[in-house]
Amino acid sequence: MVEIDKEKKIIIKLSNRIDAMNADNTLESILELSGSIDRDLLFDVTELNYISSAGLQVVLKCAQLAQQNGYETFLKGAEGTIKEIFQVSGFLTFIKEIQ
Amino acid sequence: MMKKRTLNFLMHLDAIQKKIIFYILLISIPMLTFSLYFIQNSAATELKKFAEQRANTVVNKIDREVKDYLHRTSTFAKQASFMLKLHPEAYRSVLPFLKKEVKNNSNVYGSALALEPSKMPQKKYCKYYYEHNNTVEEKWLMLPNYDYLSQAWFSEVKKHKNGIWSKPYFDKGGGNVFMSTFSSPLLDKENHFFGVITADIKIDKLSQKIQELTYSKESFVFVVDKEGLLLSHPDDHYALKETVFSYAKDIHSETLFNAYKGILTKDKHIYSVTIESQDYTLYSADMPQSDLKIAVFIQDAMLYEPLTQLRQKLLLITFAGIMIILMMVLFILQQFKFDIMKTSKRKSELALAKKIQMSFLPEQKDFITEHFNIHAYLEAAKEIGGDLYGYKELKDSVIFYVGDVSGKGVPAALFMMATQIVLENAIDTTEDPAKVIALTNSKLLELSKNGMFVTLLVVKYNWNDKMLTFCNAGHPTFIVKTTLLFSPLGKFHPPVNTFANIDYKNTFLPIEEPFKLFCFSDGVTEAENTKQVLFGIERVARVLAVKCSVKDLQNSISIFVGNRPANDDITILSFSYGEDVKKM
């Protein structure tokens, strides 16, 4: 499930699961709801239980778009398995963690 | 090329198809035939009832007509009787009246005035007027030629004091026509009988009138008396001339003959007859208050015409219905067949694709040299997968790698192959793991923009330097077993094909002693059992601490996962160096 909030950054809240089943829809929703990428992205994964490589593709796509437009991508609320996934997959090399 | 199993299944399907069609026909045809028969029967019964009603209507019509005719023709006699009621002695006064009637009424052939001798004129008296040669003649009907007193037309009326019609009879003396005589009693004011006035009515006109009323090609009428004499018949040759039996003989209709035998013995009243090769149904009824029998003939073709039409329509509908059902079944089965063939075709295509994909991986799963051993295991979650591995022996070193494309199935497989080719090419160019990854990254990004990424771990061991060099781009970490078991960490890099200009850096680890190195894809750590528990890196470490081989690790995973189907590709590659390594 995904919720978008546009404030100082575009806050993308991912909850429950992102996997091959809903990855496409999630990406579509994000791009639709955020309109143009005109500021930094913040992924809030506090309520995220599971993310598969399909889900990571979604995050990557958003990060790539942000980079194209000259913005950065941040991550917040990653713990336990989720943090490990982001770490081991090397995603934390281009996504910064913040509180 | 379809597998034998599929071919057998298709043949089986053909047999099933034939069976289904056979059973459909077996059930539907008798069922529909039975329904058809049943409907026909019901319809026929209804039509017969309807025909009988119609016949009754005709009979009533005839009855009314006959009564009407008889009434009209006999009225004058009743009138004459009435005239004499108050003055019986003035009996002579009616004579002109009677004579006039005979003259003017073409249906009245004759009329008689007969008196009861005991009353008046104290002697026998019977004067008779009759038609002859277009005039009216008169004569006395008395002894010795004729004893009117004993005639039924006198004696019966005397007895009952009521007007009576005689049965139709053929009167040779009366002009060779069929007649019926109405006797009207003469009663005085005390109701004493004193004579009879008769009216001889020709009934040929009546006979014709009946035919006029009722005749059509499909339906006509006979009237017969109790001896079978045809009192009314469509054909003048037979009407009032022959019996129905001689008529039946003339036209060679045995059925008609037998039908009338039955009718006159009061057997059934509905018969099937054939007249001049047309089939008719005969409905017979008694004319009320007489011995006469009316038969209404209705042509079967007309009677059953609605039924024939109905039957035709039903047959058509039934046939169409069965055809439609069959076609639908055939169509569905064809679809079924088509789907199966498509699936099997796809399956065999995927199987072929797997072969090709596997052919790009190192031929030898177990590569043993004097310096080192490499053992590899790859199991795709679907027919084709997204994991890759490889190795290359160099001068004093060996370089090997494991990779994992994001996703599964065909897209991952295609990208896996591209990656492998680019990577192998990079290894030909440089021995430096970081450079290998960098080259692969830039080349893949150059070749196409797609959302896919691939995690890579490239490791090199130089046995001269005793140096392990590795670079990890988003891939799970590997495990090294010496006397200890540990997991070396190096710099983290994003996966390959995500961003350009990434600074990939090597990590160096000197290892002197014999050692074993295990690298794998995340399908290992994320293998799930039925309780949805992950295998996890700890479990991997525990297994490797005890049983240090690819086979053992793969076995453990297998047992752990149980019946649950794999949800990701599993790759394990082990690298062993050192003579004592076998003891580990």
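Heads up: the sequence lines are chains X and Y, in that order. Heads up: the first sequence begins at 1 in my numbering, then just goes up one per residue. Heads up: the second sequence begins at 100 in my numbering, then just goes up one per residue. Don't be surprised by glycine CBs; every beta carbon is placed ideally from N, CA and C.
Does the distance from the CB of residue i to the CB of residue j come in under 8 Å?
i              : j              : result
D324 (chain Y) : L381 (chain Y) : no
P510 (chain Y) : M457 (chain Y) : no
I302 (chain Y) : L330 (chain Y) : yes
V207 (chain Y) : E200 (chain Y) : yes
F674 (chain Y) : L616 (chain Y) : yes
V558 (chain Y) : C618 (chain Y) : yes
G484 (chain Y) : A517 (chain Y) : no
I636 (chain Y) : V428 (chain Y) : no
V553 (chain Y) : V504 (chain Y) : yes
S52 (chain X)  : D19 (chain X)  : yes
I10 (chain X)  : S34 (chain X)  : yes
N524 (chain Y) : N596 (chain Y) : no
F614 (chain Y) : K580 (chain Y) : yes
Go through its chain and collect everything with a Cβ distance to residue i's Cβ below 8 Å, but skip five positions before and after it.
i              : result
V193 (chain Y) : A179, M182, L183, L212, I296
K96 (chain X)  : E72, T73, F74, L75
A537 (chain Y) : I601, Y603
F659 (chain Y) : A626, N628, F634, R638
L409 (chain Y) : I138, Q139, A142
Within the 8 Å Cβ cut-off, does residue i reach chain X?
i              : result
T554 (chain Y) : yes
G550 (chain Y) : yes
F69 (chain Y)  : The requested residue 69 (chain Y) is not part of the displayed model; chain Y covers only 100 to 683.
A572 (chain Y) : yes
P594 (chain Y) : yes
List the residues of chain Y that residue i touches, going by C-beta distances under 8 Å, in chain order.
i             : result
M78 (chain X) : Sequence check: residue 78 (chain X) is Ala here, not Met. What A78 (chain X) touches in chain Y: nothing, since even the nearest Cβ is about 14 Å away.
K61 (chain X) : G550
L92 (chain X) : F591
Kindly list, in the order they appear in chain X, the residues whose Cβ is closer than 7 Å to that of residue i.
i              : result
P575 (chain Y) : V88
Cβ closer than 7 Å: which chain Y residues qualify as neighbours of residue i?
i             : result
S53 (chain X) : S505, G506
I'd like the span of the alpha helix (DSSP H) that includes residue i, first residue to last.
i              : result
I473 (chain Y) : Segment 471-478 is the beta strand (DSSP E) holding I473 (chain Y); no alpha helix (DSSP H) there.
W252 (chain Y) : 251-259
R445 (chain Y) : 404-459
P195 (chain Y) : 194-203
P510 (chain Y) : 508-528
E289 (chain Y) : Taken as a continuous stretch (DSSP letters only), E289 (chain Y) belongs to no alpha helix (DSSP H), as it is neither H nor E.
D24 (chain X)  : 23-34
K392 (chain Y) : No alpha helix (DSSP H) contains K392 (chain Y), which is instead part of the beta strand (DSSP E) from 392-398.
F94 (chain X)  : Run containing F94 (chain X): none; DSSP gives neither H nor E here.
V535 (chain Y) : 532-546
Q377 (chain Y) : No alpha helix (DSSP H) contains Q377 (chain Y), which is instead part of the beta strand (DSSP E) from 377-385.
Counting only beta-carbon separations shorter than 8 Å, does residue i have a partner in chain Y?
i             : result
Q57 (chain X) : yes
Leaving aside the five residues before and after residue i along the sequence, list all residues of the same chain whose C-beta is less than 7 Å from its C-beta, in chain order.
i              : result
I656 (chain Y) : V623, A626, F634, I669
D270 (chain Y) : V276, M278
V256 (chain Y) : I263, S282, P284, V295
L185 (chain Y) : K288
F321 (chain Y) : L329, S331, H332, V343, A394
Y247 (chain Y) : A213, C225, L240, M241, F253
I374 (chain Y) : I350, S352, L355
L27 (chain X)  : V58, K61
Y379 (chain Y) : V372, F396, I397, Q398, D399
Just reading off the beta strand (DSSP E) that residue i is part of, what are its end residues?
i              : result
L285 (chain Y) : 276-286
N571 (chain Y) : 566-572
L588 (chain Y) : From DSSP, L588 (chain Y) is part of no beta strand (DSSP E); its letter is neither H nor E.
Y208 (chain Y) : 207-214
C225 (chain Y) : 224-231
G502 (chain Y) : 496-504
V235 (chain Y) : 234-239
S352 (chain Y) : S352 (chain Y) -> no beta strand (DSSP E), and no H or E assigned at all.
A644 (chain Y) : Counting along the chain, A644 (chain Y) falls outside any beta strand (DSSP E), though it belongs to the alpha helix (DSSP H) covering 635-645.
T313 (chain Y) : Careful: T313 (chain Y) lies outside any beta strand (DSSP E), inside the alpha helix (DSSP H) at 303-313.
Could you tell me which chain Y residues have their CB closer than 9 Å to the CB of residue i, listed as they occur along the chain?
i             : result
Q67 (chain X) : F598
Between which residues of its own chain and residue i is the CB-CB distance below 6 Å, once the five residues before and five after are set aside?
i              : result
K491 (chain Y) : I498, I526
I37 (chain X)  : L65, A66, N69
D299 (chain Y) : Y208, G209, M278, T280
F466 (chain Y) : I473
Taking only beta carbons into account, state which residues of the segment 651-677 of chain Y come closer than 8 Å to chain C, listed in chain order.
Annotation note: the requested chain C is absent from the structure, which comprises protein chains X and Y.
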